[in-house]
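The structure appears right after this line, and notes come after that.
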Amino acid sequence: MTTGYFFPHRHILGIDHLSVDDIHHILSTAESFKEISSRPIKKVPTLRGNTIINLFFEPSTRTRLSFEVAAKRMSADTFSISASTSSATKGETLIDTARNIAAMNPDTIIIRHSFSGAPHMLTRYVDAAIINAGDGTHEHPSQGLLDMLTVREHKGRLDGLKIAIIGDILHSRVAHSDILGFTKMGSDVFVYGPSTLIPRALDRLGAKVCSTLADAVADADVVMTLRIQKERQNDPLLPSFREYARQFGVTRDVVALAKDDALVMHPGPINRGIELMPDVADSGRSVILDQVTNGVAVRMALLYLVMGNAPVTG
Amino acid sequence: MSSNYLITNGRIIDPKNFRDEVADLLVRDGLLVKPSAEGLEDVTEIDAAGCWVVPGLIDMHVHLREPGEEYKEDILSGCRAAAAGGFTGVVCMPNTRPVNDNRSVTALILELAAGASARVYPVAAISKGSRGESLAEFGDLREAGAVAVSDDGLPVQDSQLMRRALEYATDFGLVVISHSEEPSLSHGSMNEGAVSTRLGLQGIPTIAESIMVYREIALAEYTGKPVHIAHVSTAMSTELIRSAKKRGVRVTAETTPHYFTLTEEAVEGYNTNAKMNPPLRSEEDRQAVLQGLADGTFDAIATDHAPHSILEKEVEFDAAANGIIGLETSLSLSLALVREGVINEKRLVELMSLNPATVLGLAAGTLSEGAPADITIIDPSAEFHYTEDKVVSKSKNSPFLGWKLRGRAVLTMVGGRITHSLLD
Chain A
725 MTTGYFFPHR HILGIDHLSV DDIHHILSTA ESFKEISSRP IKKVPTLRGN
775 TIINLFFEPS TRTRLSFEVA AKRMSADTFS ISASTSSATK GETLIDTARN
825 IAAMNPDTII IRHSFSGAPH MLTRYVDAAI INAGDGTHEH PSQGLLDMLT
875 VREHKGRLDG LKIAIIGDIL HSRVAHSDIL GFTKMGSDVF VYGPSTLIPR
925 ALDRLGAKVC STLADAVADA DVVMTLRIQK ERQNDPLLPS FREYARQFGV
975 TRDVVALAKD DALVMHPGPI NRGIELMPDV ADSGRSVILD QVTNGVAVRM
1025 ALLYLVMGNA PVTG
Chain B
8 MSSNYLITNG RIIDPKNFRD EVADLLVRDG LLVKPSAEGL EDVTEIDAAG
58 CWVVPGLIDM HVHLREPGEE YKEDILSGCR AAAAGGFTGV VCMPNTRPVN
108 DNRSVTALIL ELAAGASARV YPVAAISKGS RGESLAEFGD LREAGAVAVS
158 DDGLPVQDSQ LMRRALEYAT DFGLVVISHS EEPSLSHGSM NEGAVSTRLG
208 LQGIPTIAES IMVYREIALA EYTGKPVHIA HVSTAMSTEL IRSAKKRGVR
258 VTAETTPHYF TLTEEAVEGY NTNAKMNPPL RSEEDRQAVL QGLADGTFDA
308 IATDHAPHSI LEKEVEFDAA ANGIIGLETS LSLSLALVRE GVINEKRLVE
358 LMSLNPATVL GLAAGTLSEG APADITIIDP SAEFHYTEDK VVSKSKNSPF
408 LGWKLRGRAV LTMVGGRITH SLLD
């Protein structure tokens, strides 16, 4: 890290707008915060007096809890609002909801929304820092960052690796953020899934689209599987979960094609026996729970950086 | 008020009469008459030096929103915007509330248009309620004043219904305008491609349009009846229309300034003023549309002027309504094509006046002696900054806000009545 580096972002909307230096800085900050979570008293006063609103328009257990834990370990005051998108569209608009929340002077709003770009829109209407906790099929930056932190911890680097991402790329904001992040850091991302679940022009994001599962996984350093959904809005994407598991599921045999020390990852929640076989998920190569632990540290770092925005040397 | 004018020193461009010359134009009692040196006592002179004097522009694809959505636009406000943009005639689509699918709605539209700043030519629905099930009463609608039929905004899914519409419409001299879209392929909110993938927005593939354009061509070719394809946006559609015309199929087509000016990149930042249907396409498609304008594949430039208020546009991108306003920017954006050498001046006038009139069978689009004095005077070099406070339309949903535009109408005249003037 260069001396006098200054984290330049007011909002965290996506990996897309983060530089290599930004990502290194976030991950290093997260690493330094990780130790807090292993203390007997897991709390520091860093963000005392700060108000953080979790505004979740989509159901979420893990991400929302992770942000709340992160905020509380930093002594911020957190409040969570769940709103279903459908009831919100019937009544108050997102902008009105956000303006009302903004009138209570929060420092940060963490938003999850089923529409891509919803967090970007909020930045035009409220003064608070906005953190995207997943928008539609666009990005999930904190997940991308925690994935990178997990890989960096285990591999010692983020460049020159082969990352295989298997499953529903089309609807996955996690895949999107991971592709942008890992390629930005100098690794190669290979993707594979049913052709119905591969978006058009994916190569322009920097991913290499493979035609077989073996091509994607061969000699990989990381095998990341994604949650599969059978149907979306009457779009006939897959005939059955049974067939998906047989043709595209990540089994022990598939992982055997990767490097001996390859990591198995999944953003959760897992459909066990469909996209990922239980013996693989629970194997010694699985770092799925490390991802969850690192999620708290990354989110502490993001909250700290957008609120503090202080110059850091190192 | 005098409706006698002598327009002097302008460059008259009148393709119908093979004219392109600096000359004077005399307007008497709302009609164009032969200029003479005598009897000019009651005539007001308009100096058009340095300007082009062309037959009044006609926009063959607009949404005036009345009846039903007057908070977005009404007939009078839409016609004021038309006049400001140099249009003397607007062809308004039937997706109002109620739908213009019967003579009483057509008659209401024409009644409300009395005294408006532009001539209003209503398009009636193809199917009752635009529900795509059964034919509307074309005979009644023609008698009431409809100039064409279309279920614009909603594609006619049923191919038999479309076939019957093409056949039955010719009994009444109505052209069928097709909003070409295969609905099962078009669930998204922008063009499918690299940008939709990057923004995480569900894409509408180009084939959603092109497949239906091909169906319309096949129906027109089989039945021998004419069809007009609205708002063409893709390279494949352009090529299909080009080759159909070569075979002698009675197909005509329009494209819009946004398809030849912008690409899908304009959606960046989730800009809802860049959301319309069909969506902005790739640069490759834009180039193909430009080629189609240059080589005569397209008959007309229309705007698909679609006013929406902030209620429909200041929302999440997926939730935003489709459509942008265009009446006040169309001429400037089209003049850029002349400057860039894509088309010449004569072709511009054909695309924006003569051809729309010809396709729809309107008595307009010429400066012939004896014709109503529908005239647009264009200053091709006038520059203006298009900002929200200058928008005449009730709605401000334009992707061109903030643009510095060049070339505009400095005077618009409908039947000898000045509806817009920037001249002293």
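Heads up: the sequence lines are chains A and B, in that order.
Sequence positions in the first sequence follow the working numbering and run 725 to 1038.
Sequence positions in the second sequence follow the working numbering and run 8 to 431.
Even for Gly, the Cβ is constructed at its ideal location relative to N, Cα and C.
Would you say the segment 329-337 of chain B touches the segment 264-275 of chain B, given that touching needs at least three Cβ pairs under 8 Å?
-> yes
Residue interval of the alpha helix (DSSP H) (run including A:Y729) | For the purposes of this step, residue 729 of chain A is taken as the residue at position 5 of the first sequence. A:Y729 -> no alpha helix (DSSP H), and no H or E assigned at all.
The segment 918-933 of chain A: positions lying closer than 8 Å to chain B by Cβ | P923, R924, A925, L926, R928, L929
Which residues, in order along the segment 855-873 of chain A, keep a beta-carbon less than 9 Å from a beta-carbon of chain B?
-> D859, G860, T861, H862, E863
Quick one: which chain B residues come within Cβ less than 8 Å of A:F839?
-> Counting from one through the first sequence, the residue named residue 839 of chain A turns up at place 115. Under the 8 Å cutoff, chain B gives E323, F324, D325, A326.
Alpha carbon to alpha carbon, how far is B:P129 from B:V97?
-> The residue labelled residue 129 of chain B in the question sits at position 122 within the second sequence. The residue labelled residue 97 of chain B in the question sits at position 90 within the second sequence. Between B:P129 and B:V97, the C-alpha separation is close to 8 Å.
A:T936 lies in the beta strand (DSSP E); which residues open and close that run?
-> Your numbering for residue 936 of chain A matches position 212 in the first sequence. Element bounds for A:T936: n/a, residue is neither H nor E.
Would you say B:N198 and B:I211 are within 8 Å of each other, going by their C-beta atoms?
-> Position 191 of the second sequence holds residue 198 of chain B. Position 204 of the second sequence holds residue 211 of chain B. It is a contact, given that the beta carbons lie within the stated cut-off.
Residues within the segment 818-837 of chain A neighbouring chain B, beta-carbon criterion of under 9 Å | L818, I819, H837
Can you round the beta-carbon distance between B:V163 and B:F145 to whole angstroms, since I take them to be within the 8 Å contact cut?
-> For the purposes of this step, residue 163 of chain B is taken as residue 156 along the second sequence, with counting starting at 1. For the purposes of this step, residue 145 of chain B is taken as residue 138 along the second sequence, with counting starting at 1. Not really, about 14 Å apart at Cβ, beyond 8 Å.
Which residue spans inside the segment 108-175 of chain B form an unbroken alpha helix (DSSP H) run of at least 4?
-> 110-119, 145-151
According to the Cβ coordinates, are A:N824 and A:S804 closer than 8 Å?
-> Taking the first residue of the first sequence as 1, we reach residue 824 of chain A at position 100. Taking the first residue of the first sequence as 1, we reach residue 804 of chain A at position 80. Taking 8 Å as the Cβ cut-off, A:N824 and A:S804 do not qualify as a contacting pair.
Listed by chain order, chain B residues near A:H900 by CB distance under 9 Å | For the purposes of this step, residue 900 of chain A is taken as residue 176 along the first sequence, with counting starting at 1. Under the 9 Å cutoff, chain B gives T204, R205, G207.
Coil, strand or helix - A:M845 by DSSP | For this step, residue 845 of chain A is matched to residue 121 along the first sequence. In the structure shown, A:M845 sits in a helix (DSSP, three-state: H, G or I).
Output, in sequence order along the chain, the residues in the segment 266-295 of chain B whose CB is closer than 8 Å to any CB in chain A.
-> G276, Y277
Name the two residues that bound the continuous alpha helix (DSSP H) containing A:T874.
-> For the purposes of this step, residue 874 of chain A is taken as residue 150 along the first sequence, with counting starting at 1. Segment 865-879, the alpha helix (DSSP H) holding A:T874.
For a contact meaning CB atoms closer than 7 Å, what does A:H844 contact in chain B?
-> Here residue 844 of chain A refers to the residue found at position 120 of the first sequence. Neighbours of A:H844 on chain B, chain order: G276, Y277.
Contact between the segment 297-307 of chain B and the segment 239-250 of chain B (3+ Cβ pairs under 8 Å) | yes
Just reading off the beta strand (DSSP E) that A:S806 is part of, what are its end residues?
-> The residue labelled residue 806 of chain A in the question sits at position 82 within the first sequence. A:S806 -> beta strand (DSSP E) spans 801-806.
Selection from A:N829, A:R951, A:V978, A:L1029 that minimises the alpha carbon distance to A:L937 = Here residue 937 of chain A refers to the residue found at position 213 of the first sequence. Answer by Cα proximity: A:V978.
What are the residues of the segment 143-171 of chain B that lie near chain A, defined by any Cβ-Cβ distance shorter than 8 Å?
-> none
B:E199 CB to nearest chain A CB: under 8 Å?
-> As a working note, residue 199 of chain B is residue 192 in the second sequence. Answer yes: the Cβ-Cβ gap between B:E199 and chain A drops below 8 Å somewhere.
Amino acids of chain B, ordered along the chain, whose beta-carbon sits closer than 9 Å to that of A:R897 = Locating residue 897 of chain A in the first sequence gives position 173, counting from the first residue. Ordered by position in chain B, the residues that pass the 9 Å Cβ test against A:R897 are G207.
Of the choices A:L987, A:S866, A:G1019, whose alpha-carbon is the least far from that of A:A1005?
-> Position 281 of the first sequence, counted from the first residue, corresponds to residue 1005 of chain A. Residue A:L987 is the option with its Cα nearest to A:A1005.
When you compare only the Cα positions, how much space is there between A:K758 and A:P843?
-> By one-based count along the first sequence, residue 758 of chain A stands at place 34. By one-based count along the first sequence, residue 843 of chain A stands at place 119. Whole-angstrom Cα-Cα distance: 27 Å.
8 Å Cβ shell around B:E291 - same chain, five flanking residues per side excluded | If you number the second sequence from 1, residue 291 of chain B lands on position 284. Same-chain partners within the cutoff: A242.
Look at the alpha carbon of A:L1027 and the alpha carbon of A:M948, and state the distance between them as a whole number of angstroms.
-> Residue 1027 of chain A sits at position 303 when you count from the first residue of the first sequence. Residue 948 of chain A sits at position 224 when you count from the first residue of the first sequence. One C-alpha to the other measures close to 26 Å.
With contact counted as at least three CB pairs below 8 Å, one residue from each stretch, are the segment 872-891 of chain A and the segment 964-983 of chain A in contact?
-> yes
For B:P379, which three-state DSSP category applies?
-> Start at 1 with the first residue of the second sequence, and residue 379 of chain B comes out as number 372. Strand, per DSSP.
Spatial neighbours of A:L873 within its chain, please: CB distance less than 8 Å, with the 5 preceding and 5 following residues excluded, ordered by chain position.
-> One-based indexing of the first sequence puts residue 873 of chain A at position 149. Within the same chain, A:L873 has close Cβ partners L751, A754, E755, N1018, A1021, V1022.
Any chain A beta carbon closer than 8 Å to B:G210 | In the second sequence, the residue the question calls residue 210 of chain B occupies position 203. Yes, because at least one Cβ of chain A sits closer than 8 Å to the Cβ of B:G210.
Report, in whole angstroms, the separation of the C-beta atoms of B:N404 and B:K353, which I expect to be a contact under 8 Å.
-> Position 397 of the second sequence, counted from the start, is the residue given in the question as residue 404 of chain B. Position 346 of the second sequence, counted from the start, is the residue given in the question as residue 353 of chain B. Not confirmed; about 32 Å, so no contact.
Counting only the same chain and skipping the five closest in sequence on each side, list residues whose C-beta sits under 8 Å from that of B:E174.
-> As a working mapping, residue 174 of chain B is identified with position 167 in the second sequence. Answer for B:E174: T230, K232, listed in chain order.
Per DSSP, what kind of secondary structure is B:P406 in: helix, strand or coil?
-> Looking up residue 406 of chain B in the second sequence gives position 399. The answer is coil: DSSP assigns B:P406 none of H, G, I, E or B.
Leaving out five residues on either side along the sequence, give the residues of the same chain with a beta carbon under 7 Å from the beta carbon of B:L408.
-> For the purposes of this step, residue 408 of chain B is taken as residue 401 along the second sequence, with counting starting at 1. Result list for B:L408: Y393, T394, E395, in chain order.
Alpha carbon to alpha carbon, what distance is there between A:D1014 and B:R288?
-> The count along the second sequence starts at 1 and reaches residue 288 of chain B at position 281. The count along the first sequence starts at 1 and reaches residue 1014 of chain A at position 290. Approximately 43 Å, taken between the alpha carbons.
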